[in-house]
């Protein structure tokens, strides 16, 4: 994931809040909600640029847990002091383990920070394999809890598969977290910012693709249908479909950033963060909600 959003937030928060708020007095009405790719936009909430600008996930265990979000302001000082200065789109297993993906600006590893249902934190570090990108934009835990998917930045034809740290008994914070297999995609994807399982063999993913040449539209919502559930022993194939363009509405003009994604299997609600351009990162960045149908 590029540092553009981090840089924008730091600049804006260095003294431009007043200017941004004064400048954004747009009368542009939001476009009406509509169905595309089987998903109907049903609403939105403001996404805070410090704490809700990178990712989000719903948490089933313990019961009545609030949704979790990540952003520049959620990185603990002790973690960033060790170089892990960027957090991506997290996920939570169905038995309550919560996992955040971290990257740093250099080196040969990425890190997954895990919170157990009881509240204790642990860290699992993965040493990069040959040709593996340093970026660590997201993680997605399989419905059976044993396997975790993760992605790389740029144009890719694979997703990485790991044993789920702390959940899979083969993992340990004192040992390297190995990549055990991959999802081989039948169509290239670009700048995937988040994926979440909506079923045992179905992923919904948000792409920050600014180019549009892969699917004929920028910032697409993608569905990836797997040939089988990940099992950690063999690669599976993934059929990629672009469902729709994510909403790109703001009082400012410029480049939007599609960020993390969450599918709540209890309610069937899909949520995706879209960060607004320029000064409007402060005022009208949104978490958009969708329902299938």
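Residue numbers (my numbering): 3 to 295.
Built from N, CA and C at the ideal position, the CB exists for glycine as well.
Quiz item: Using a Cβ-Cβ cut-off of 6 Å (strictly less than) and excluding sequence neighbours within five positions of residue 73, which residues of its own chain qualify?
Solution: 52, 53, 54, 55, 56
Quiz item: How should residue 89 be labelled, buried or exposed, when 16 other C-beta atoms within 10 angstroms of its C-beta is the threshold for buried?
Solution: buried
Quiz item: Quick check: the stretch 235-249 against the stretch 181-200, are there 3 or more CB pairs under 8 Å?
Solution: yes
Practice problem: Per DSSP, which residues does residue 177 bridge with? Please list them. | Solution: Per DSSP, none; premise fails for residue 177.
Quiz item: In the structure shown, what three-state DSSP assignment does residue 79 receive?
Solution: helix
Quiz item: Between residue 45 and residue 266, what straight-line distance do the alpha-carbon atoms span, to the nearest angstrom?
Solution: 15 Å
Self-check item: Option nearest residue 130 by Cα separation, candidates 140, 154, 148, 119
Solution: 154
Practice problem: Return the residue from the list 127, 208, 160, 83 that minimises the CA-CA distance to residue 175. | Solution: 127
Quiz item: Closest to residue 141 by CA distance: which of 219, 125, 221, 164 is it?
Solution: 164
Self-check item: Straight-line Cα distance separating residue 226 from residue 117
Solution: 27 Å
Quiz item: When the Cα atoms are used, what is the spatial distance from residue 137 to residue 208?
Solution: 16 Å
Self-check item: Pair within 9 Å by beta-carbon distance, residue 102 and residue 115
Solution: yes
Quiz item: Near residue 146, what residues of its chain come up, given a Cβ to Cβ distance below 8 Å and the 5 sequence neighbours on each side ignored?
Solution: 202, 231
Quiz prompt | Opposing strand residues paired with residue 282 [DSSP bridges] | solution = DSSP output for residue 282 lists no bridge partner at all.
Self-check item: Buried/exposed call for residue 268, threshold 16 Cβ in 10 Å
Solution: exposed
Self-check item: Limits of the beta strand (DSSP E) - the one that residue 151 falls within
Solution: 149-152
Quiz item: Under three-state DSSP, which class holds residue 289?
Solution: strand
Self-check item: Own chain, CB closer than 6 Å to residue 264, minus 5 neighbours either side, in chain order
Solution: 58, 59, 60, 198, 273
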